[in-house]
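There are 2 protein chains.
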Amino acid sequence: MQTQSIITSLMSRHFQDKPLRQVFLVACGGSLVDMYPAHYFLNEQSENLRSWMMTANEFVHAAPRALGASSLVIVCSHGGNTPESVAAAQLAKNRGAATITLTHNAKAELLQWADHNLLYKWGDDTLVTENPMALILSLCVDTLYQVEGFAEWQAFQHGFAQIDTVIRQARAKVATRCAAFAERYQHESLFYVLSSGASYGHAYGFAICSLMEMQRLDAASIHSGEFFHGPFEVTDNHVPFILLMNEGRTRALDQRAQTFLNRYNDKTEVVDARELGLNALPASVVDYFNPVLFYSIMCDYRAALADIRQHPLSTRRYMGVVDY
Amino acid sequence: MQTQSIITSLMSRHFQDKPLRQVFLVACGGSLVDMYPAHYFLNEQSENLRSWMMTANEFVHAAPRALGASSLVIVCSHGGNTPESVAAAQLAKNRGAATITLTHNAKAELLQWADHNLLYKWGDDTLVTENPMALILSLCVDTLYQVEGFAEWQAFQHGFAQIDTVIRQARAKVATRCAAFAERYQHESLFYVLSSGASYGHAYGFAICSLMEMQRLDAASIHSGEFFHGPFEVTDNHVPFILLMNEGRTRALDQRAQTFLNRYNDKTEVVDARELGLNALPASVVDYFNPVLFYSIMCDYRAALADIRQHPLSTRRYMGVVDY
């Protein structure tokens, strides 16, 4: 992928004298959600390279002490003019860090603070490997590989080569399910979204972006592992659960939630990465591709919900409408 | 505090030959919530020491590669027999890490995997500096100080010496507010809890433990900085918000949420650490004491709510009642 040359370039220039030791993933809302798989990957796989994932305004107001010349700061903003994200990239440059920005806007303010910018593609006709979540993951896989070596780098390339085909087939498979989901849950006002591992970020993302922001519905994400240590006490039939079941190491956590929900809730929608074919990917790296699959699949779920509720996904009452 | 001698002992024994490079904070539910301030502190203040905060079952199923002899794993479990937490401590020992456990049960299974155990005090008549949140923070402050030096160590000692007095006065101040809150919101079914910085973990904790687990109420936490990037679209008067306003660096994020909520929501309960006297603590470390204050204050809020709703805080329908 195109990410490799960016990292190679940074390694031979910016990080030649001062080794890369920290990666900061900084954004807001949906763009921040796209960073979770990369953050989870670095936390799980790196020997020494540190990783942070921070909402941009917290990064600006409470920047970690370690931020400096040994840092790579990756900032993503779809429109590229989100003030907090622009301020974060500026702060990163002021502290001597290298910056990679990702945006869909070639004239974004963000670009003035970018050592490298990835102008990504967007829309239903693009490949997921061209979208931010996979690109940021790929940037971090390449970074880890070049900084400290990473035995599964090649397996990742296989995964990136396979994922779009898996997703295309999976989307065809869920089309009727999305319609049935929308039909059944169109009058619900609150949803819980569960997942674990690299996909927890997307459970959060589906709650805050797809349901709260785009559908004005109440929602909350719950980590499948945390479910049994508090949240599950609310379980009965008053609320639907969406369970994003991972293929890979944390699948057991999701399965445990499924078993419980099967017994105590009649409104559980299971989206199972294994059943949707993700197990075609190399087992050593499959964990990190779950959220890439879930992102595409859940876009179809939310589109069906928006359609039946006659609440277009672009409707806003505050964002970009009023001052705040 | 008693934490210093534990760290000193580990440094001169376990970590003498293999320097301490990673701290893993591992627990479930309320105990995991208690770890957030320490994790946030290390992320913000350490030059090199890495920190992870993980729900125990994810730690067990997807243990990070860096876990090993250079790791300190801190595991907390109130009853000390939570299977996932016991398994996490066992895994840590099997991987050669040093372990510190915290529990309220002197006969806990957890103890068999502990290099050091802190048997903490609990209950309304104890000091917060004797409870897990402050103890874990203190352990990590002492760790950072001994591993790489930390200029604000003494300021932290001042903070620990002051915090119980601040909290005692703050609790007296909010007594009537708690009763009014309970009276006004007793029939609500859903709450959003907002905060930022070191207190975000407690916003999450109040949602999942106090409201979902102990009151069987729907709830979700929202980071004040993320609020404007999706979640705020649900704002109107159908749902109450609880805003935990920090003293310190991220206060601006909470204030921005407050300004918005003042305009678009009639049911916002503000709990303001500055107004409650937390600014008496040293400014360089005050950020990390916000959640310690909020924990105590919000215990009084939830007690008032439990009382008026006639739903005792100890009521459970699943936890410890059915198999799962």
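Chains as they are written, first to last, in the working numbering: chain A, 7 to 330; chain B, 7 to 330.
A virtual CB, placed ideally from N, CA and C, is assigned to each residue, including glycine.
Fair warning: this is a prediction, and the values are worked out from it, not measured in the lab.
Whether residue i touches residue j by CB criterion (7 angstroms)
i	j	result
L249 (chain A)	V292 (chain A)	no
E332 (chain B)	P246 (chain B)	Missing from the structure shown is residue 332 (chain B); chain B here goes from 7 to 330 and no further.
S37 (chain B)	C82 (chain B)	yes
A176 (chain A)	I303 (chain A)	yes
Y198 (chain A)	I173 (chain A)	no
S202 (chain A)	L284 (chain A)	no
L97 (chain B)	V66 (chain B)	yes
F234 (chain A)	Y330 (chain B)	yes
W128 (chain A)	K99 (chain A)	no
R56 (chain A)	R56 (chain B)	yes
V153 (chain A)	L319 (chain A)	no
D306 (chain B)	C184 (chain B)	yes
V39 (chain B)	G211 (chain B)	yes
Closest Cα partner of residue i within the set the options
i	options	result
E64 (chain A)	B:S230, B:I80 and B:F21	B:S230
S76 (chain A)	B:S15, B:A68, B:S11 and B:E53	B:E53
I142 (chain A)	A:A226, A:T109 and A:A114	A:T109
H45 (chain B)	B:E158, B:M218, B:Y206 and B:P288	B:Y206
M59 (chain A)	A:R71, A:I80 and A:E50	A:I80
G254 (chain A)	B:A225, B:A68 and B:T321	B:A68
D170 (chain A)	A:A204, A:V147 and A:D130	A:D130
P70 (chain A)	A:E115, A:A103 and A:G86	A:A103
Y191 (chain B)	B:F166, B:T274 and B:M17	B:T274
M41 (chain B)	B:C146, B:Q264 and B:N268	B:C146
E232 (chain B)	A:M325, A:S18 and A:C184	A:M325
T265 (chain A)	A:F238, A:Y151, A:G35 and A:H20	A:F238
A321 (chain B)	B:R257, B:M218, B:A289 and B:Y301	According to the sequence displayed, residue 321 (chain B) carries Thr and not Ala. It is B:M218.
A289 (chain A)	A:T107, A:G165 and A:F21	A:G165
R323 (chain A)	A:M220, A:T256, A:P43 and A:H244	A:M220
M17 (chain A)	A:L124, A:Y151 and A:R257	A:Y151
Expected contact under 8 angstroms - CB spacing of residue i and residue j to nearest Å
i	j	result
M251 (chain B)	D272 (chain B)	About 18 angstroms separates the two Cβ atoms, so there is no contact after all.
L287 (chain A)	Q168 (chain A)	6 angstroms
A186 (chain A)	L200 (chain A)	So it is not a contact: roughly 20 angstroms between Cβ atoms.
M139 (chain A)	V240 (chain A)	Rounded, the Cβ-Cβ distance is 30 angstroms, inconsistent with contact.
S144 (chain A)	T9 (chain A)	4 angstroms
A114 (chain A)	G85 (chain A)	7 angstroms
A213 (chain A)	A226 (chain A)	6 angstroms
Neighbouring residues, chain A, relative to residue i (Cβ below 7 angstroms)
i	result
W58 (chain B)	N49
T86 (chain B)	This sequence places Gly at residue 86 (chain B); Thr is not what is there. Simply none; closest approach about 14 angstroms.
T149 (chain B)	Within 7 angstroms Cβ-Cβ: nothing; T149 (chain B) doesn't reach chain A, min ~15 angstroms.
S202 (chain B)	E64
C215 (chain B)	G236
CA-to-CA distance, residue j to residue i, given in whole angstroms
i	j	result
V328 (chain A)	L73 (chain B)	48 angstroms
F295 (chain A)	H122 (chain A)	25 angstroms
W159 (chain B)	Q28 (chain B)	19 angstroms
T149 (chain A)	A112 (chain A)	24 angstroms
R308 (chain B)	G236 (chain A)	15 angstroms
R222 (chain A)	A310 (chain A)	15 angstroms
Q261 (chain B)	D313 (chain B)	31 angstroms
L117 (chain A)	T105 (chain A)	10 angstroms
L133 (chain B)	Y270 (chain B)	38 angstroms
G155 (chain A)	Q51 (chain A)	11 angstroms
P89 (chain B)	L78 (chain A)	39 angstroms
K179 (chain A)	L196 (chain A)	26 angstroms
A95 (chain B)	Q316 (chain B)	38 angstroms
M7 (chain A)	A263 (chain B)	40 angstroms
D224 (chain B)	A161 (chain B)	39 angstroms
A181 (chain B)	F300 (chain B)	14 angstroms
N137 (chain B)	Y126 (chain B)	6 angstroms
N268 (chain B)	N87 (chain B)	44 angstroms
N243 (chain A)	A33 (chain A)	36 angstroms
Proximal chain B residues relative to residue i, where beta-carbon distance stays under 7 angstroms
i	result
N63 (chain A)	G231 and L259
M218 (chain A)	G236, P237, E239 and V240
Y307 (chain A)	None at all; the shortest Cβ gap to chain B is about 17 angstroms.
C146 (chain A)	In chain order: nothing, as chain B lies at least about 14 angstroms away.
E189 (chain A)	The contacting residues do not exist; E189 (chain A) stays about 23 angstroms from chain B at best.
Y330 (chain A)	F234 and F266
Per-residue contacts from residue i into chain A (C-beta, under 9 angstroms)
i	result
M325 (chain B)	F234, H235, G236, F238 and E239
H164 (chain B)	Per Cβ cutoff of 9 angstroms: no residues; H164 (chain B) is ~20 angstroms from chain A at best.
R322 (chain B)	E239
Interface residues of chain A facing residue i [CB-CB closer than 8 angstroms]
i	result
D224 (chain B)	L196, D224, A226, V240 and V245
Per-residue contacts from residue i into chain B (C-beta, under 8 angstroms)
i	result
G207 (chain A)	Ordered by position in chain B, no residue passes the 8 angstroms Cβ test against G207 (chain A), which lies about 12 angstroms from the chain.
Cβ-heavy atom distance, residue i to the ligand MN, below 6 angstroms
i	result
H229 (chain A)	The ligand MN is not among the ligands present in this structure, which contains no ligands whatsoever.
Partner residues on chain B for residue i, Cβ-Cβ distance less than 9 angstroms
i	result
A120 (chain A)	Within 9 angstroms Cβ-Cβ: nothing; A120 (chain A) doesn't reach chain B, min ~21 angstroms.
T256 (chain A)	N63, E64, H67 and A68
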